[in-house]
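Residue numbers (the numbering used here): 7 to 332. Glycine is no exception: its CB is placed at the ideal position from the N, C-alpha and C atoms.
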């Protein structure tokens, strides 16, 4: 299996344009098939979007922004556990650059963009940054599955492959076990010019899981408001479930390597789950607005992160030269 993975990576590096073209074709086929399958709901969904409540849409964007702003802190905690300090502005900018890089076909741009952004902020250990990205993704996914499964207590009749989700989360938990994580992560870091890396202690992992679970609930508030903006009324009790829906969508996006940023598969999975709390037309309108909202928020937060980073750099310069001289 490692040889197969190495061969696949090598092929992708030799033929980046071919890989990108294949991704674009795959996304086009998937989206076309999905649109054909729900063609009967397109007109109704279009009407919902045309009549969307603008205030609730922007409130939903604000809640999604809050989710991202909180999410960044989790990455900072992971880096701090390995002795790496990074400013909030730099961390925010690095996160948003990597989020937007998901839209670029090729698959490698998401971690590469984060590594480059972190390097500009002074974090030059490429292997450690790469390992932190993998840990962040694993912990966030586990927390998302936890939120989703617990939320099913309040929301019944959900068409979801719960055993598969639980098995996926269990696999990630196993990957974080010291006997597996340390040699695997150290192999990655040494290949990238770094040193061996120690696993996170279980108390730190438990804290991060609780924290990421909270962020998914905040994300659920955002999706709740987007559903309401197109005429839905899922009720406040559905917010944890909606957070879990967002988490499942994010997991599908990561696993859908053929689709840049999970475009298509993410929306399809969220649409199917939203049918448990709303109508097909509203679910379709909500997932369309969700894609629009997360893209707008990621761009705006990238700008905010850049401004915060620039402000800190200027403050550091003034601290070195209080009189303003070089």
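### Query
Which residues bound the alpha helix (DSSP H) around residue 208?
On the chain shown, position 202 is the one that residue 208 refers to. 208-235 is the extent of the alpha helix (DSSP H) around residue 208.
### Query
Which residues mark the beginning and the end of the alpha helix (DSSP H) in which residue 202 is found?
Mapped onto the chain shown, residue 202 falls at position 196. Neither: residue 202 is in no alpha helix (DSSP H) and is coded neither H nor E.
### Task
Quick one: residues in its chain with C-beta nearer than 6 Å to the C-beta of residue 257, no 5 flanking neighbours on either side, listed in chain order?
The residue you call residue 257 lines up with position 251 of the chain shown. Counting only Cβ-Cβ distances below 6 Å, and skipping sequence neighbours, we find 147.
### Query
So is residue 168 buried or exposed if we call it buried at 16+ other beta carbons inside 10 Å?
On the chain shown, position 162 is the one that residue 168 refers to. So residue 168 counts as exposed.
### Whether residue 253 touches residue 162 by CB criterion (9 Å)
Taking the chain shown and counting its residues from 1, the one referred to as residue 253 is at position 247. Taking the chain shown and counting its residues from 1, the one referred to as residue 162 is at position 156. Contact: no.
### Query
So what's residue 1 in DSSP terms, helix, strand or just coil?
Outside the shown range of the chain, which is 7 to 332, sits residue 1, and nothing can be said about it.
#### Entry: When 206, 62, 66 are compared against residue 249, the one with the closest alpha-carbon
The sequence position of residue 249 within the chain shown is 243, counting from 1. The shortest C-alpha separation from residue 249 is found at 66.
### Query
In chain order, what residues of the same chain have a beta carbon less than 8 Å from the beta carbon of residue 224, not counting five sequence neighbours either side?
On the chain shown, residue 224 is found 218 positions in, with the first residue counted as 1. Closer than 8 Å at Cβ, skipping near neighbours: 69, 72, 73, 76, 249.
### Query
Beta-carbon separation of residue 301 and residue 238 under 9 Å?
To locate residue 301, count along the chain shown from 1; it is residue 295. To locate residue 238, count along the chain shown from 1; it is residue 232. It is not a contact, given that the beta carbons lie outside the stated cut-off.
### Task
Could you name the residues of the same chain whose beta carbon sits closer than 6 Å to that of residue 107, not counting the 5 residues immediately before and after it, in chain order?
Within the chain shown, numbered from 1, the residue matching residue 107 stands at position 101. So the list reads 115, 116, 119, once near-sequence residues are dropped.
### Straight-line gap, residue 60 to residue 296 (C-alpha atoms, nearest Å)
The residue you call residue 60 lines up with position 54 of the chain shown. The residue you call residue 296 lines up with position 290 of the chain shown. Computed Cα separation, rounded: 13 Å.
### Task
Report back the beta-carbon spacing between residue 133 and residue 198 to the nearest angstrom; my notes put them in contact at under 8 Å.
The residue labelled residue 133 in the question sits at position 127 within the chain shown. The residue labelled residue 198 in the question sits at position 192 within the chain shown. Between residue 198 and residue 133 the Cβ distance is about 4 Å, and since that is below 8 Å, they are a contact.
### Message
Contact defined as beta carbons within less than 8 Å: I believe residue 240 pairs with residue 233. What is the distance between those atoms, to the nearest angstrom?
### Response
Here residue 240 is taken as the residue at index 234 of the chain shown, counted from 1. Here residue 233 is taken as the residue at index 227 of the chain shown, counted from 1. With a Cβ gap of about 6 Å, residue 240 and residue 233 count as contacting.
### Query
If residue 218 sits next to residue 145, beta carbons under 8 Å apart, how far is it from one beta carbon to the other, in whole angstroms?
Locating residue 218 in the chain shown gives position 212, where the first residue counts as 1. Locating residue 145 in the chain shown gives position 139, where the first residue counts as 1. Contact holds; Cβ gap of about 6 Å.
### Query
For the ligand GTP, is there a heavy atom less than 8 Å away from the beta-carbon of residue 141?
Ligands in the displayed structure: none, and consequently the ligand GTP is not present.
### Message
For residue 159 and residue 243, what's the separation of their Cα atoms in angstroms?
### Response
As a first step, residue 159 must be located in the chain shown, where it is residue number 153. As a first step, residue 243 must be located in the chain shown, where it is residue number 237. Residue 159 and residue 243: Cα-Cα distance of roughly 10 Å.
### Query
Quick one, which of 305, 272, 292 has its alpha-carbon nearest residue 57's?
Taking the chain shown and counting its residues from 1, one reaches residue 57 at position 51. Nearest of 305, 272, 292 to residue 57, Cα basis: 292.
### Task
Return the residue from the list 110, 303, 215 that minimises the CA-CA distance to residue 266.
Start at 1 with the first residue of the chain shown, and residue 266 comes out as number 260. Ranking 110, 303, 215 by Cα distance to residue 266 puts 110 first.
### Message
Quick check on residue 92: does DSSP put it in helix, strand or coil?
### Response
The sequence position of residue 92 within the chain shown is 86, counting from 1. Looking at residue 92 - three-state DSSP - the assignment turns out to be coil, as it is neither helix nor strand.
### Query
Nearest to residue 83 by alpha carbon, out of 227, 130, 228, 213?
As a position in the chain shown, residue 83 is number 77, starting the count at 1. Nearest C-alpha to residue 83: 213.
### Query
Out of curiosity, what's the CA-to-CA distance linking residue 196 and residue 204?
Start at 1 with the first residue of the chain shown, and residue 196 comes out as number 190. Start at 1 with the first residue of the chain shown, and residue 204 comes out as number 198. Between residue 196 and residue 204, the C-alpha separation is close to 13 Å.
### Task
With 9 Å as the threshold, decide whether the Cβ of residue 77 is near any Cβ in chain D.
Although the question refers to chain D, the structure presented lacks it and comprises just one protein chain.
### Same chain, Cβ closer than 6 Å to residue 151, five either side skipped, listed in chain order
The count along the chain shown starts at 1 and reaches residue 151 at position 145. Counting only Cβ-Cβ distances below 6 Å, and skipping sequence neighbours, we find 171, 175.
### Query
Over what stretch of residues does the alpha helix (DSSP H) that includes residue 132 continue unbroken?
On the chain shown, position 126 is the one that residue 132 refers to. Per DSSP, residue 132 belongs to the alpha helix (DSSP H) from 132-157.
### Query
Can you give the beta carbon distance from residue 215 to residue 149, rounded, assuming they're within the 8 Å contact cut?
Residue mapping note: residue 215 aligns to position 209 of the chain shown, counting from 1. Residue mapping note: residue 149 aligns to position 143 of the chain shown, counting from 1. Sure, about 5 Å apart at Cβ, within 8 Å.
### Task
Please name the residue in 202, 179, 178, 209 whose C-alpha comes closest to that of residue 189.
Residue 189 sits at position 183 when you count from the first residue of the chain shown. Minimum Cα distance to residue 189 is reached at 202.
### Task
Measure the C-alpha to C-alpha separation of residue 231 and residue 279 and round it to an integer number of angstroms.
The sequence position of residue 231 within the chain shown is 225, counting from 1. The sequence position of residue 279 within the chain shown is 273, counting from 1. About 16 Å.
### Message
Counting C-beta neighbours from all protein chains within 10 Å, is the total for residue 156 16 or more, i.e. buried, or is it exposed?
### Response
Translated into positions along the chain shown, residue 156 becomes position 150. Exposed, since its Cβ has fewer than 16 Cβ neighbours within 10 Å.
#### Entry: Spatially closest choice to residue 193 from 126, 228, 137, 207, by CA coordinates
Against the chain shown, residue 193 aligns to sequence position 187. Comparing Cα-Cα distances from residue 193 to each of 126, 228, 137, 207, the minimum goes to 137.
### Task
Put residue 282 into one of helix, strand or coil per three-state DSSP.
For the purposes of this step, residue 282 is taken as residue 276 along the chain shown, with counting starting at 1. Correct three-state label for residue 282: coil.
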